Amino acid sequence: MQYHIILTERCNLKCKYCYEKSMQEFDNGLGEKWDYDEDTPFDSEVSIDKLKKFIKPEDRLIFYGGEPLVMVEKIKEIMDNLDCKFGIQTNGILLKRLPIEYIKRIDKMLVSIDGDSERTNFNRSKGVYEIVIKNLKELRSRGYSGEIVVRMTLLFSDLFKQVKHLISLIEEEIINSIHWQIDAGFYKFDFDKEKFSEFVKEYNKNISQLVNWWTNEIRNGKVYLIYPFLGIFNRIIGWDKETKLPCGSGYENFTVNTSGKLSSCPIMNSVKKFYCGDIEKGIEKEIHVQDDECEKCLNFKICGGRCLYWRDAKLWSPEGDKLICETIGYLINSIKEKVPEIENLLKKGIVKKEQFEYEKYFGPEIIP
10 MQYHIILTER CNLKCKYCYE KSMQEFDNGL GEKWDYDEDT PFDSEVSIDK LKKFIKPEDR
70 LIFYGGEPLV MVEKIKEIMD NLDCKFGIQT NGILLKRLPI EYIKRIDKML VSIDGDSERT
130 NFNRSKGVYE IVIKNLKELR SRGYSGEIVV RMTLLFSDLF KQVKHLISLI EEEIINSIHW
190 QIDAGFYKFD FDKEKFSEFV KEYNKNISQL VNWWTNEIRN GKVYLIYPFL GIFNRIIGWD
250 KETKLPCGSG YENFTVNTSG KLSSCPIMNS VKKFYCGDIE KGIEKEIHVQ DDECEKCLNF
310 KICGGRCLYW RDAKLWSPEG DKLICETIGY LINSIKEKVP EIENLLKKGI VKKEQFEYEK
370 YFGPEIIP
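Adding 9 to a residue's 1-based position in the sequence shown gives its number in this note's numbering.
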């Protein structure tokens with residue numbers, strides 16, 4: 010089982026798609042729709058003893074925030090006392106705060122980089138890209154061998170250019186894999202039909218470019234670990250189950266919030282509707298969110314509904330959501346078109362099944 014643990018709601022950056030948008034949107038209506046737990050503390054007050062009893066050796070505990078490395082002493086305390094696997098989702102700025110002997114025990118690291126230096130620094134502040142890359146290079150030079158997954162937040166449609174830049178970091182053995190999330194449907198007041206329609210048009214062109222490039226590399230025996238492609242391919246070909254959210258939310262991935270409550274999703278960690286237990290009693294109930302529109306869609310078995318937060322919050326108009334679904338359908342169909350050729354390459358031994366394997370449910374979005 011994967012467990013995100015919210016260490017703090019604090020962050021050391023003020024990114025355009027997170028801090029700036031949240032500051033512009035205090036009245037999105039979710040306070041009326043959802044019952045928020047106002048007693049949830051800002052920083053984690055979870056008992057180490059209770060956490061130790063709850064987490065099993067085969068589980069992975071993923072440090073999450075805010076920015077989890079703001080709470081570096083809490084991380085060290087947890088790692089000193091728990092016997093399990095560890096992961097972290099971080100912006101990468103404060104990696105030097107955590108001693109290398111702790112870093113080496115983290116086998117999965119999601120680091121937020123939005124593409125090249127120009128794009129990342131535009132989104133996240135001047136100099137951020139350079140600091141993060143320097144930190145990652147230093148970790149590698151000091152013997153860190155865990156998987157480093159880059160998480161892109163996509164505000165612009167130039168996906169191909171930005172992923173190709175990140176591929177160069179794979180070639181340099183700085184990172185291992187890539188995934189992205191389109192910044193769409195997560196805030197109420199940022200939908201502009203004309204602008205987003207144009208985004209979708211250009212984004213889909215970039216998907217075609219990227220899928221063609223990825224397939225060409227497979228012809229040469231190389232499978233780049235692009236999580237959306239791997240996840241969709243595995244579902245189409247039948248290696249993965251075609252049900253439920255690909256992120257594992259609520260069945261393979263749960264969240265421990267700052268008070269020790271268990272939630273089905275880290276984004277909604279203090280929404281009472283999504284509470285399903287606590288670290289003392291464990292998981293007490295299943296939460297089912299029915300969406301008839303999703304379930305009648307031809308892509309549902311592969312898409313799974315994209316995102317629990319997005320589908321339940323419904324912050325965009327149906328018109329906007331339809332455009333988001335258009336990007337998903339285009340992505341799935343683009344991969345489907347390549348499946349017969351890739352299956353043939355597998356039969357010929359040009360590539361092997363193991364090259365398409367990926368770690369599931371620890372954070373990377375399969376459906377952007």
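Backbone N, C-alpha and C fix where the C-beta goes; we use that ideal spot for every residue, glycine too. It should be emphasised that the depicted structure is a prediction, and the values quoted were computed from it without experimental measurement.
Nearest to S166 by alpha-carbon distance, out of N215, I142 and E203, is N215. Residue pairing for Q11: DSSP places it in a beta bridge opposite R69 and N262. In terms of CA proximity to F205, L332 leads the group L178, I359 and L332. Comparing alpha carbon positions, the residue from K270, L103 and V280 closest to E293 is K270.
For F95, the enclosing beta strand (DSSP E) starts and ends at K94 to T99.
Secondary structure in the segment 227-260: the alpha helix (DSSP H) runs of 4 residues or longer, each lying completely within the stretch, are 236-246 in chain order. Among the bridge pairs identified by DSSP, E156 is matched with K117. The Cβ neighbour count for L168, taken over all protein chains shown within 10 Å, is at least 16; the residue is labelled buried. Annotated as proximal: K23 and S134, with beta-carbon spacing under 9 Å. Boundaries of the alpha helix (DSSP H) around G338: P327 to K357. For S272, no alpha helix (DSSP H) segment is defined; the enclosing uninterrupted segment is the beta strand (DSSP E) at K270 to S272. Cβ neighbours of G257 within its own chain (closer than 7 Å, five residues either side excluded): Q11, K369 and Y370. Between R114 and G75, the gap from beta carbon to beta carbon reaches 9 Å or more. The DSSP-derived three-state label of S53 is coil. DSSP places Y284 in the uninterrupted beta strand (DSSP E) bounded by Y284 to D287. Counting the other CB atoms within 10 Å of its CB gives S150 a total below 16, which places it among the exposed residues. Rounded to the nearest angstrom, the gap between the Cα atoms of Y45 and K282 is 8 Å.
Here the alpha carbons of D301 and K310 stand approximately 13 Å from one another. Inclusion of V158 and S186 in the CB contact set at 9 Å is warranted, their separation being smaller than that value. As DSSP reads the structure, V280 sits in a beta bridge with Y45. Taking L175 as the centre and dropping the five residues before and after it, the same chain places the C-beta of I122, G124, V159, M161, I184 and I187 closer than 8 Å to its C-beta, in chain order. In this structure, DSSP gives L163 an extended state, which the three-state scheme calls strand.
In the DSSP assignment, Q190 falls outside any alpha helix (DSSP H) and lies within the beta strand (DSSP E) extending over S186 to I191. Remark: C-beta atoms of F95 and R128 do not approach each other more closely than 9 Å. The straight-line gap separating the alpha-carbon atoms of P77 and K345 is approximately 38 Å. Contact annotation: the segment 85-95 touches the segment 51-62, with at least three C-beta pairs closer than 8 Å. Residue pairing by DSSP places T17 opposite D52 in a beta bridge. I84 places its beta carbon less than 9 Å from that of I97. Taking one beta carbon from each stretch, the segment 192-208 and the segment 325-342 have 3 or more pairs nearer than 8 Å; the two touch.
The C-alpha of G372 lies about 21 Å from the C-alpha of S268. By the CB criterion at 9 Å, H13 and P275 fall inside the cutoff. Under the 10 Å beta carbon count, V220 is surrounded by 16 or more other beta carbons and is classified as buried. The shortest CA-to-CA distance from N266 to any of M277, V360 and G259 is the one to M277. Just so you know, the alpha carbons of V79 and D52 end up roughly 10 Å apart. Comparing alpha carbon positions, the residue from H297, L340 and I341 closest to R320 is H297.
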